[in-house]
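Asks: My questions will all concern the structure given below.
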Amino acid sequence: MAEQLRHPFLQGLSKHRGAQPTILVIFGASGDLTARKLVPAIYNLALDNLLPSDFYLLGYGRREIPDEEFQTQARDAIQEFSRRTLDDEVWQSIGKHVAYHAGAYDDPEAFHALAKRIGEIEKEAGREMQLVFYISTPPTVFENIIENLGSSGLAKHRVQGKVAAKVIIEKPFGRDLDSARELNRVIRRNFEEKQVYRIDHYLGKETVQNLLVARFANAIFEPIWNRQYVDCVQITVAESVGVGSRGGYYDESGALRDMIQNHTMQLLSLIAMEPPVSLAPEAIRDEKVKVLKAIQPLDLEDHEDPDAVRARYTAGLMNGKPVPGYIEEENIPQDSSTETFAAIRLSINNWRWQGVPFYLRSGKRLARRVSEIAIQFKQPPGILFSGNRNFDLAQNTLVIQVQPDEGMTLLSNSKIPGLETRTQPVKMHFRYATTFGSNTPEAYERLILDAMVGDSTLFIRGDETEASWELFTPVLEHWRECNGAGLREYAAGSWGPLEAERLLWRHHHQWRRPGV
3 MAEQLRHPFL
13 QGLSKHRGAQ
23 PTILVIFGAS
33 GDLTARKLVP
43 AIYNLALDNL
53 LPSDFYLLGY
63 GRREIPDEEF
73 QTQARDAIQE
83 FSRRTLDDEV
93 WQSIGKHVAY
103 HAGAYDDPEA
113 FHALAKRIGE
123 IEKEAGREMQ
133 LVFYISTPPT
143 VFENIIENLG
153 SSGLAKHRVQ
163 GKVAAKVIIE
173 KPFGRDLDSA
183 RELNRVIRRN
193 FEEKQVYRID
203 HYLGKETVQN
213 LLVARFANAI
223 FEPIWNRQYV
233 DCVQITVAES
243 VGVGSRGGYY
253 DESGALRDMI
263 QNHTMQLLSL
273 IAMEPPVSLA
283 PEAIRDEKVK
293 VLKAIQPLDL
303 EDHEDPDAVR
313 ARYTAGLMNG
323 KPVPGYIEEE
333 NIPQDSSTET
343 FAAIRLSINN
353 WRWQGVPFYL
363 RSGKRLARRV
373 SEIAIQFKQP
383 PGILFSGNRN
393 FDLAQNTLVI
403 QVQPDEGMTL
413 LSNSKIPGLE
423 TRTQPVKMHF
433 RYATTFGSNT
443 PEAYERLILD
453 AMVGDSTLFI
463 RGDETEASWE
473 LFTPVLEHWR
483 ECNGAGLREY
493 AAGSWGPLEA
503 ERLLWRHHHQ
513 WRRPGV
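Here's what the structure looks like:
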């Protein structure tokens, strides 16, 4: 009876979707991402009975850390950052298979020692193991790690079998088109594309995954998802925080690299893509790439109406408290011309979207933290309900909230109860937390599990990264040549500079206020 009450994971019972016995090697194991996201994700997969019964976690880093200390760090990370409380029995079952391997990222001998350590684990387990390498390090060492995985033979570990090696690569994937192409060349020298999982955690969010279901499993949306009915599409990825202690890194990046080129473009491609021929990963990724290739180059030479606006925040108020401007932040040089806000107007040159502007914006120190997609539909002909103050009409808008309140809202017009005909906009809400409960899986849980089972749907293909960089590299080069010229300012706590509003006004649109 006592055995029946134990957690299924402890009994070797698993609903892991076909994941082979796995050794997960995390490069950068002492870093913040490992503690905050990766280790808690692994624990929650175990708690949900989704890990293979033979699962080993091997941390890799430059600093010497005894296995016992790394196990303690992992346990503390679960206690502090997991969405669910620590189950000691489940942790013990995982913890005994948690270890650490010290070595430099540019030292081939350290990788041969890693291969030997992996062989010892396989011998202990008494079976062949799938290797999943998670590169969670600064991008400056990506190439060293990938090359050494190749030279040590780990990249080709049983590549033709069921337990072939895989590599997960965190963003940023390159700084521009040339660096992205070079990184892809390094990867292709050592791995086959089917082994590579370029991660963008936005694709693991429940609301983002729901985009395909919302579009293609509901007959009411697809007939009007085109230029005949859609007036414009707005995508906002806003952060209320400043750069904080990341000032040194952020000043080398900026809003366009940090958010627009990856997260925001992933949202755009899922909204704008054509229906795939199936739910197979390559069918979906093919359609995403087609959208990116159909986007027209940005016009930056039209000084009256450019397709891109950049700005940085100045001192202001956040929740009633004063905060410093970007230049006053730690590790920011006084002559910096890095943008903390970018707004872009894109045109997609295909049959479905010709003439429909896509507006993208992202920035730090904005009024609130929110990520949303708003599809604004065209106004009906103003024949019946126009020219009368009783008729308060708004454009029909479908809003998909990615964070923090995941869900969907449909804005429509309704008659106000009464003896005369008066109208006002009303909202129909769907919230994930209300319908399904608030304890939904974290993005990294889904993505780590998908990589283990070999499902690449929610990962980025090599040609997709290059297509995105091909669009934005000319913008980065133009801004670099301009230096500080054209860099606008906005007060912390606002929604960005006036020039971002003008980006839409000139085309008879205006930004939605998220949450309004």
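Each residue of the sequence shown is one higher than the one before, counting from 3 in this note's numbering.
Beta carbons are placed, not taken as given, at the ideal position from N, Cα and C, and that holds for glycine.
In this text the structure is predicted, and so the values were computed from the model without any measurement.
(1) Which residue spans inside the stretch 172 to 225 form an unbroken beta strand (DSSP E) run of at least 3?
(2) The beta strand (DSSP E) spanning residue 372 covers which residue range?
(3) So, helix, strand or coil for residue 395, using DSSP?
(4) Straight-line CA distance for residue 374 to residue 424?
(5) Between residue 366 and residue 342, which are expected to be in contact by the criterion C-beta below 8 Å, what is the C-beta distance as a whole number of angstroms?
(6) Please report the distance separating the alpha-carbon of residue 94 from that of residue 325.
(7) Please work out which residues of its chain come closer than 7 Å, Cβ to Cβ, to residue 302, disregarding the five sequence neighbours upstream and downstream, and give them in chain order.
(8) What number of angstroms, rounded off, separates the C-alpha of residue 34 from the C-alpha of residue 75?
(9) Roughly how many whole angstroms lie between the Cα atoms of residue 137 and residue 169?
(10) Does DSSP put residue 248 in a helix, a strand or coil?
(11) Given residue 117, which residues of its chain have a CB within under 7 Å of its CB, disregarding the five upstream and five downstream residues?
(12) Determine whether the beta carbon atoms of residue 79 and residue 41 lie at a separation below 8 Å.
(13) Three-state secondary structure (DSSP) at residue 149?
(14) Give every residue of the same chain whose Cβ lies closer than 8 Å to the Cβ of residue 320, excluding the five residues on either side of it in the sequence, and list them in chain order.
(15) Is residue 376 near residue 404, with beta carbons less than 8 Å apart?
(16) Buried or exposed for residue 162, going by 16 or more other Cβ atoms inside 10 Å?
(17) Would you check if the stretch 455 to 462 and the stretch 193 to 213 touch, i.e. whether three or more CB-CB distances between them fall below 8 Å?
(18) Between the stretch 260 to 273 and the stretch 228 to 242, do three or more beta carbon pairs fall short of 8 Å?
(19) For residue 482, count the other beta carbons within 10 Å of its own beta carbon; 16 or more makes it buried, fewer makes it exposed. Which is it?
(20) Please go through the same chain and pick out, in chain order, the residues whose beta-carbon is closer than 7 Å to the beta-carbon of residue 223, but skip the five residues on each side of it.
(21) Whole-angstrom Cβ separation of residue 233 and residue 335, contact assumed at under 8 Å?
(22) Excluding sequence positions up to five away, which residues of its chain have a Cβ less than 6 Å from the Cβ of residue 505?
(23) Rank 500, 274, 63 by C-alpha distance to the C-alpha of residue 109 and give the top, closest one.
(24) Does DSSP put residue 461 in a helix, a strand or coil?
(25) Thinking just about the alpha-carbon of each residue, which of 371, 209, 83, 172 is nearest to the one in residue 438?
(26) Within the same chain, show all residues whose beta-carbon is closer than 7 Å to that of residue 259, passing over the 5 residues directly before and after it, in chain order.
(27) State the DSSP-derived secondary structure class of residue 472, mapped to helix, strand or coil.
(28) Anyone know if the C-beta pair for residue 229 and residue 356 falls short of 8 Å?
(29) Would you list the one or two residues that DSSP bridges to residue 61?
(30) Short of 8 Å in beta carbon distance, which residues of its chain neighbour residue 398, apart from the five on each side in sequence? Order them along the chain.
(31) Applying the 10 Å Cβ sphere with the 16-neighbour rule, what's the burial state of residue 417?
(32) Taking 6 Å as the limit between beta carbons, can you name the residues of its chain near residue 100, skipping five residues before and five after?
(33) With distances taken from CA atoms, which of 469, 451, 470 is nearest residue 132?
(34) Which residues in the same chain as residue 498 place their Cβ atom closer than 7 Å to its Cβ, once the five residues preceding and following it in sequence are excluded?
(35) Looking at residue 466 and residue 294, is the spacing between their C-beta atoms short of 8 Å?
Replies: So, to answer that:
(1) 198 to 200
(2) 372 to 379
(3) coil
(4) 30 Å
(5) 5 Å
(6) 44 Å
(7) 308, 309, 310, 477, 480
(8) 12 Å
(9) 7 Å
(10) helix
(11) 154, 155, 156
(12) yes
(13) helix
(14) 242, 367, 494, 495
(15) no
(16) exposed
(17) yes
(18) yes
(19) exposed
(20) 216, 217
(21) No, residue 233 and residue 335 are not in contact; Cβ-Cβ is about 42 Å, not under 8 Å.
(22) 311, 345, 347
(23) 63
(24) coil
(25) 209
(26) 174, 177
(27) helix
(28) yes
(29) 28, 102
(30) 378, 379, 412, 413, 414, 415
(31) exposed
(32) 59, 73, 76
(33) 451
(34) 313, 343, 345, 363, 365, 368, 492
(35) yes
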